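J.: After the structure tokens below, expect a handful of questions from me.
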Amino acid sequence: MQARIEADFKPVDLAVGEPGHAFAFCQPHKAEKCDVCKVDFTALNRISKIFITNPNLRCPPPPNVLQQKLSQAVTNTKDEGNSLYKVNKHREALAKYNMAANIAVQRPPWESSALFREELSTVVSNRSAALFELGDYLGALVDAETVVSIRRNWPKGHFRKAKALVGLGRLPEAEQSVSLGLQFEPNNTVSLISRKLYGLLIPSKSTGAE
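Following numbering that gives the first Met the number 0, the numbering of the sequence shown begins with 0 at its first residue and continues without gaps.
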């Protein structure tokens with residue numbers, strides 16, 4: 000085992016910031032992510048920042064230990080956004096979804112990645128809906144594609160993407176997105192599939208926030 004570790008070891012020329020700002024960079028270009036040196040210290044620096052801002056955290060806790068306060072903050076802020084969305088205050092709802100997303104990404108990397116993906120994808124999906132209602136179809140599409148990338152097997156992300164594509168007038172792509180989303184709902188009846196398909200490809204009210 001030791002021999003394999005030594006065989007795979009590759010020395011890296013790096014620089015480290017001053018105490019209190021102990022972040023790693025490539026030595027020649029002082030870049031956190033450097034394509035020339037083929038190094039990426041983004042994840043390492045994220046962990047470093049967590050330890051710097053939490054001096055009482057000596058080492059990562061077990062992976063099954065979650066920050067319940069963080070989850071509650073994400074949920075509460077998202078729910079505030081949902082309440083605003085339901086009364087057509089979409090710009091105010093958007094601000095709440097932005098706040099919820101910023102809270103969600105603060106989850107430490109050693110905690111459950113599944114929980115992180117679920118929380119963030121739900122918030123960003125709702126933000127996509129708010130952007131759609133505000134007429135920002137491109138922004139809605141960007142958020143929908145983010146949802147699909149981090150939670151591909153969740154049908155709602157694909158339907159959000161299709162809705163945004165409809166807003167942009169890209170109907171063939173919207174139909175493809177709907178078809179892909181329906182693959183993750185094998186228990187749908189034919190009539191339900193048809194309603195979802197035509198509900199997206201024919202102008203109608205968008206699916207609400209959840």
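All C-beta atoms in this analysis are idealised placements derived from N, C-alpha and C, irrespective of residue type, glycine included. Every value quoted in this text rests on a predicted model; they were computed, and no experiment measured them.
1. Across which residues does DSSP place Ala23 in a beta bridge pair?
2. On the CB-based measure, 16 or more other CB atoms within 10 Å of its CB, does Ile102 come out buried or exposed?
3. As a quick exercise: from Ala2, Asp39, Arg3 and Ala6, pick the residue whose alpha carbon is nearest that of Asp12.
4. Could you tell me the alpha carbon to alpha carbon distance between Phe115 and Ala2, rounded to whole angstroms?
5. Please give the ranges of any alpha helix (DSSP H) in the stretch 151–176, keeping only runs that are unbroken, at least 4 residues long and fully inside the region.
6. What are the partner residues of Asp39, as DSSP defines its beta bridges?
7. Go ahead and pull the three-state DSSP assignment for Glu5.
8. What would DSSP say about Asp142, mapped onto helix, strand or coil?
9. When DSSP labels each residue in this structure, what does Val104 get in the three-state scheme?
10. Provide the residue span of the alpha helix (DSSP H) that contains Lys68, from first to last.
11. Which stretch, first to last residue, makes up the alpha helix (DSSP H) that contains Ser124?
12. Here's a check: name, in chain order, each residue in its chain whose Cβ is nearer than 8 Å to the Cβ of Val189, leaving out the five neighbours to either side.
13. One question on the structure: do Ser120 and Val146 come within less than 7 Å of each other, judged by their Cβ atoms?
14. I believe Leu137 touches Leu167 by the beta-carbon criterion, under 8 Å. Please report the beta-carbon distance rounded to the nearest angstrom.
15. Count the other CB atoms within 10 Å of the CB of His28; is the residue buried (16 or more) or exposed (fewer)?
16. Within this structure, are the beta carbons of Ser124 and Lys155 separated by less than 7 Å?
17. Thinking C-beta only, is Val35 closer than 7 Å to Ala23?
18. Beta-carbon separation of Leu214 and Glu172 under 7 Å?
T.: A quick look at the data gives this:
1. Reading the sequence shown from its first residue, position 24 is the one you call residue 23. Partner(s): Val15.
2. In the sequence shown, counting from the first residue as 1, residue 102 sits at position 103. Buried, by the Cβ-count rule.
3. On the sequence shown, residue 12 is found 13 positions in, with the first residue counted as 1. Nearest option by C-alpha distance: Asp39.
4. Within the sequence shown, residue 115 is the residue found at index 116, counting from 1. Within the sequence shown, residue 2 is the residue found at index 3, counting from 1. So the two alpha carbons sit approximately 36 Å from each other.
5. Restricting attention to alpha helix (DSSP H) runs no shorter than 4 residues, the stretch 151–176 encloses them at 154–166, ordered along the chain.
6. For the purposes of this step, residue 39 is taken as the residue at position 40 of the sequence shown. Answer is Lys32, bridged to Asp39.
7. Here residue 5 is taken as the residue at index 6 of the sequence shown, counted from 1. In this structure, Glu5 counts as helix in the three-state DSSP scheme.
8. Sequence index remark: in the sequence shown, residue 142 carries index 143 (1-based). DSSP places Asp142 in helix when its eight states are reduced to three.
9. Here residue 104 refers to the residue found at position 105 when the sequence shown is read from its first residue. DSSP places Val104 in coil when its eight states are reduced to three.
10. In the sequence shown, residue 68 corresponds to position 69, counting from 1. Bounds of the alpha helix (DSSP H) holding Lys68 are Gln67 to Lys85.
11. Within the sequence shown, numbered from 1, the residue matching residue 124 stands at position 125. First-last of the alpha helix (DSSP H) with Ser124: Ser112 to Glu132.
12. Start at 1 with the first residue of the sequence shown, and residue 189 comes out as number 190. Any reading at Val189 must be qualified, since the residue scores a pLDDT of 41, below 50, and its modelled position is unreliable; the value itself is stated next. None.
13. Here residue 120 corresponds to residue number 121 of the sequence shown, with the count starting at 1. Here residue 146 corresponds to residue number 147 of the sequence shown, with the count starting at 1. In this structure, Ser120 places its C-beta atom within 7 Å of the C-beta atom of Val146.
14. Within the sequence shown, the letter at position 138 stands for residue 137. Within the sequence shown, the letter at position 168 stands for residue 167. Their Cβ separation, rounded to whole angstroms, is 7 Å, which keeps Leu137 and Leu167 in contact under 8 Å.
15. Within the sequence shown, numbered from 1, the residue matching residue 28 stands at position 29. When all chains shown are included, His28 counts as exposed.
16. On the sequence shown, position 125 is the one that residue 124 refers to. On the sequence shown, position 156 is the one that residue 155 refers to. Against a cut-off of 7 Å, the Cβ pair of Lys155 and Ser124 comes out as a contact.
17. Within the sequence shown, the letter at position 24 stands for residue 23. Within the sequence shown, the letter at position 36 stands for residue 35. Their beta carbons are not under 7 Å apart, which means Ala23 does not touch Val35 by this criterion.
18. Residue coverage of the chain in this structure runs from 0 to 209, which leaves residue 214 outside it and unanswerable.
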